[in-house]
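A.B. asks: What follows is a structure written as structure tokens; I'll ask about it next.
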Amino acid sequence: DGQIDAEELQRCLTQANFSGGYKPFNLETCRLMISMLDRDMSCTMGFNEFKELWSILHAWKQHFMSMDRDRSGTIDHTEMQQAVASMGYRLSPQAMTAIVKRCSTQGKITFDDYVACCVKIRALTGMYVSFCLCKSEVFTNL
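Mapping of the sequence shown onto this note's numbering: position 58 corresponds to residue 45, and the numbering continues sequentially without gaps.
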């Protein structure tokens, strides 16, 4: 039908080795990625949406790798804070700590976790900006 759901996206990204080591993305992360671009609210993704996601994922992968200075395949709190800031997001220290706690395992953030965080930050800031005329304000209430 020209549409893919979260399970099909998971298989596709695994076959493309996007998360590294041919480990599948978490299914919930795949659902988040679809919802990020799901303009028709179908819980699926068409070809154009997939192309857009592929481009976004490629950029996020490059960014993640540039932040992973020790090449461990994970980033820590400081590296995540730098990554978020370099993407142009201004988050309070409390918001950043909450994000890292939510997205990490023992303080380490994998690429899968990083993607989930990026999708959530993008969605939250998009909602915030749409309700706030002052776009340069620090997000202190996240």
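Idealized CB from N, CA, C, for every residue including glycine.
Here the structure is a predicted model, which means the values were calculated and not measured.
List the whole-angstrom C-beta distance separating Asp100 from Ser91, where the pair is believed to meet the contact cut-off of C-beta under 8 Å.
C.D. replies: About 6 Å; that satisfies the 8 Å criterion.
A.B. asks: Shortest alpha-carbon distance to Ser42 belongs to which of Asp(-8), Phe5, Met83, Thr97?
C.D. replies: Looking at the Cα atoms, Phe5 is the closest of the given residues.
A.B. asks: How many angstroms separate the CA atom of Asp57 from the CA atom of Glu(-5)?
C.D. replies: Looking at the two C-alpha atoms, the distance is approximately 32 Å.
A.B. asks: Report, in whole angstroms, the separation of the C-beta atoms of Ala(-7) and Arg18, which I expect to be a contact under 8 Å.
C.D. replies: Right, the Cβ-Cβ distance comes to about 5 Å (below 8 Å), so this counts as a contact.
A.B. asks: For Asp63, which of Gln(-3), Ile96, Ala103 has the nearest alpha-carbon?
C.D. replies: Nearest of Gln(-3), Ile96, Ala103 to Asp63, Cα basis: Ile96.
A.B. asks: What is the rounded straight-line gap between the Cα of Val87 and the Cα of Asp(-12)?
C.D. replies: Cα-Cα distance, rounded: 38 Å.
A.B. asks: So if DSSP puts Thr97 in a beta bridge, which residue, or which two residues, is it bridged to?
C.D. replies: Answer is Thr61.
A.B. asks: Tell me the DSSP secondary structure of Met67 in three-state form.
C.D. replies: Of the three classes helix, strand and coil, the one that applies to Met67 here is helix, per DSSP.
A.B. asks: Between Phe24 and Glu15, is the Cβ-Cβ spacing less than 8 Å?
C.D. replies: The identity of residue 24 in the sequence shown is Leu, whereas the question assumes Phe. Not a contact, by the Cβ cut-off of 8 Å.
A.B. asks: Report the three-state DSSP secondary structure of Thr1 (helix, strand or coil).
C.D. replies: Three-state result, Thr1: helix.
A.B. asks: Between Thr65 and the rest of its own chain, which residues show a CB-CB distance below 8 Å, the 5 nearest in sequence each way excluded?
C.D. replies: Nothing listed; no residue qualifies.
A.B. asks: Taking the CB atoms as reference points, tell me whether Met52 and Gln69 lie closer together than 8 Å.
C.D. replies: Not a contact, by the Cβ cut-off of 8 Å.
A.B. asks: Three-state secondary structure (DSSP) at Thr92?
C.D. replies: Reduced to three states, the DSSP call for Thr92 is strand.
A.B. asks: DSSP state of Met28, grouped into three classes?
C.D. replies: If DSSP states are grouped into helix, strand and coil, Met28 belongs with coil.
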